[in-house]
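For the sequence shown, my numbering gives the first residue as 196, with consecutive numbering after it. Take a look at the structure below.
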Amino acid sequence: MYSEYSPTSSSSSSGSPVEFKPDKSQLNSSEKCAICGNLAFCYNYGVLSCNACKMFFRRVEVDRITYHCKYWDRCYDGQEFVNVKKFSKRCRACRYQRCLQVGMKYICPGKLELELLNRVDDETCSLIKTLLLMDSNRRHKIANFYTPDDLTLVEIVKNNKKSRMVTKSATQMITVHDWTLLGLYVTIEMFLSMEFMGSIDNEDKIILLRNFSFKSVILNSAMRSYSSKVDRVTTPDGIDVYPDFMLRMFSPEFVIGIRSRLIARLAELKVTDEEHMLLNVLLFCDAALHNLSEKAVTTISKYQQMYSSVLLQYCLHRYQQSGPSRFADLLSLCHVVNRASEDVQHLTTIIQLHQPKTEYKQLFVDVCHRL
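So, in structure tokens, the structure goes:
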């Protein structure tokens with residue numbers, strides 16, 4: 196819909212694009228296992244969890260082990276996480292119950308009679324339709340309107356201000372930066388319209404939006420290019436965001452990666468519109484972000500688990516035996532999106548060093564120019 200890979204800036208301002216690599220040691224390092232609270236790097240059986248809890252849950256399910264609690268299944272009542280430390284009192288029965296409570300679902304290979312494979316319930320269908328409608332509204336605004344406003348993220352969130360949307364004329368020229376700004380406006384408005392956003396504080400909303408708004412713009416733009424059978428990022432009116440002359444200014448591999456890597460992965464997976472939107476809101480609901488309030492973490496975690504469960508259910512219904520692996524493939528797109536965001540910010544920093552008088556509108560600076 197819009198150019199997401201337009202100028203941004205980042206905290207890294209030195210070095211050459213040839214040598215730039217994301218810091219893998221920091222990738223998702225703040226995410227916690229929903230069961231025990233240890234570091235978790237991926238979703239297992241529909242829930243963000245560590246390898247130890249994944250293996251524990253699988254062993255109980257596969258071997259059909261039955262554990263009994265001596266304390267009426269209340270060992271971890273009032274505790275955010277179960278206790279799995281080596282020399283501490285542990286209860287396997289309550290640990291297994293916590294796995295079930297946070298939404299873990301074991302999918303037996305080859306068993307096609309499972310409820311999740313047989314049907315997609317009405318509530319799930321309704322949620323997916325709502326997400327598709329949200330995306331349709333976003334795309335409609337980008338295709339038909341533009342905004343002359345220069346609002347900050349704080350103004351949009353705290354003062355509940357919406358940008359003025361002016362109808363575009365057929366001959367109106369819009370720059371790459373303006374396309375990106377428009378993409379940010381409508382993406383932020385879309386996320387603010389989500390049900391749970393009305394129940395968390397403004398400071399928490401700002402943390403969520405700063406973390407994922409630009410990444411969502413990147414994902415949406417790549418999805419638009421993939422749907423249009425275009426192998427590189429373009430503006431909605433077909434202009435290259437990263438034209439070929441940039442191949443002579445920077446490492447060709449670096450530029451090609453920015454403009455095509457995510458699109459190629461979407462095409463390889465043949466991502467559907469439903470998967471695109473479910474992944475969008477699932478990645479937005481990151482309860483592990485630093486400085487979120489306890490209330491926000493609780494609320495966001497609930498919706499994160501819900502969207503994860505719906506995405507898994509969709510994969511199982513559509514792909515049957517391949518559903519779990521499809522679910523994992525879709526979640527792996529998170530790393531490709533993060534890489535694209537980091538690369539774009541790195542590229543923008545270098546451009547700013549060479550063109551220090553470059554000016555960006557305030558919302559772009561608030562969301563993308565994070566030092």
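Yeah, the Cβ is synthetic: ideal placement off N, Cα and C, and Gly gets one too.
Taking the CB atoms as reference points, tell me whether residue i and residue j lie closer together than 7 Å.
{"i": "T382", "j": "S411", "result": "yes"}
{"i": "A417", "j": "I458", "result": "yes"}
{"i": "F340", "j": "T362", "result": "yes"}
{"i": "A523", "j": "Q499", "result": "no"}
{"i": "C289", "j": "D268", "result": "yes"}
{"i": "V560", "j": "R405", "result": "no"}
{"i": "R419", "j": "R454", "result": "no"}
{"i": "G298", "j": "G241", "result": "yes"}
{"i": "V371", "j": "V436", "result": "yes"}
{"i": "F409", "j": "F479", "result": "no"}
{"i": "C286", "j": "C264", "result": "yes"}
{"i": "Y301", "j": "E256", "result": "yes"}
{"i": "S358", "j": "Y380", "result": "yes"}
{"i": "T319", "j": "Q508", "result": "yes"}
Using CA atoms only, rank isn't needed, just tell me which of the options is closest to residue i.
{"i": "H471", "options": "K324, Q274, C294, K353", "result": "K324"}
{"i": "E390", "options": "S358, T342, L322", "result": "L322"}
{"i": "F251", "options": "I230, C480, L234", "result": "I230"}
{"i": "L414", "options": "L526, K227, V279, R254", "result": "L526"}
{"i": "M441", "options": "I434, S408, V450", "result": "V450"}
{"i": "P431", "options": "F479, S446, W374", "result": "W374"}
{"i": "K465", "options": "Q516, L528, L403", "result": "L528"}
{"i": "L403", "options": "H485, Y514, N239", "result": "H485"}
{"i": "I395", "options": "N332, K490, R443", "result": "K490"}
{"i": "R456", "options": "V539, L348, T319, M360", "result": "V539"}
{"i": "N533", "options": "S517, N475, T494", "result": "N475"}
{"i": "Q531", "options": "M392, G452, D330", "result": "The sequence as given places Val at residue 531; Gln does not occur at that position. Selected option, being the one with the closest Cα: G452."}
{"i": "R460", "options": "R443, A535, S488, I434", "result": "A535"}
Cutting at 7 Å between CB atoms, please list the residues of its own chain near residue i, excluding the five before and the five after it.
{"i": "L477", "result": "Q499, Y502, S503, L506"}
{"i": "L377", "result": "Y197, I337, Y341, T342"}
{"i": "E448", "result": "none"}
{"i": "V492", "result": "A482"}
{"i": "T494", "result": "F391, S394, I395"}
{"i": "V277", "result": "I230, C231, Y271, C289, R290, R293"}
{"i": "R521", "result": "C510, Y514"}
{"i": "Y262", "result": "R287, A288, Y291"}
So what does residue i bridge to, in DSSP terms?
{"i": "Y238", "result": "L243"}
{"i": "D362", "result": "The sequence shown places Thr at residue 362, rather than the Asp named in the question. F340."}
{"i": "T429", "result": "D435"}
{"i": "K552", "result": "The partner list for K552 (beta bridge, DSSP) is empty, contrary to what the question assumes."}
{"i": "K227", "result": "L234"}
Spatial neighbours of residue i within its chain, please: C-beta separation below 6 Å, excluding the five flanking residues on both sides.
{"i": "D352", "result": "The amino acid occupying residue 352 in the given sequence is Val; Asp does not appear at that position. Excluding residues within five positions, the ones whose Cβ falls inside 6 Å are N397, K400, I401."}
{"i": "A462", "result": "Y421"}
{"i": "C245", "result": "C228, N233, A235"}
{"i": "E518", "result": "Before going on, a small fix: residue 518 reads as Gly here, not Glu. Within the same chain, G518 has close Cβ partners C510, L511."}
{"i": "D330", "result": "M472"}
{"i": "S496", "result": "A482"}
{"i": "I434", "result": "none"}
Report all residues from its chain with a CB closer than 8 Å to the CB of residue i; omit the five preceding and five following residues, and keep chain order.
{"i": "D345", "result": "K556, Q557, L558"}
{"i": "L327", "result": "D468, E469, M472"}
{"i": "T347", "result": "Q557, L558, D561"}
{"i": "K424", "result": "none"}
{"i": "R254", "result": "I260"}
{"i": "E275", "result": "G232"}
Jot down the residue ranges of each uninterrupted alpha helix (DSSP H) in the stretch 443-528, minimum 4 residues, whole runs only, in chain order. If we require 4 residues or more, the alpha helix (DSSP H) runs fully inside the stretch 443-528 come out as 447-464, 468-479, 489-514.
Threshold first: 4 residues or longer. Then list the alpha helix (DSSP H) segments lying entirely within the stretch 362-413, N to C. Runs of the alpha helix (DSSP H) spanning 4 or more residues and lying entirely within the stretch 362-413 occur at 371-387, in chain order.
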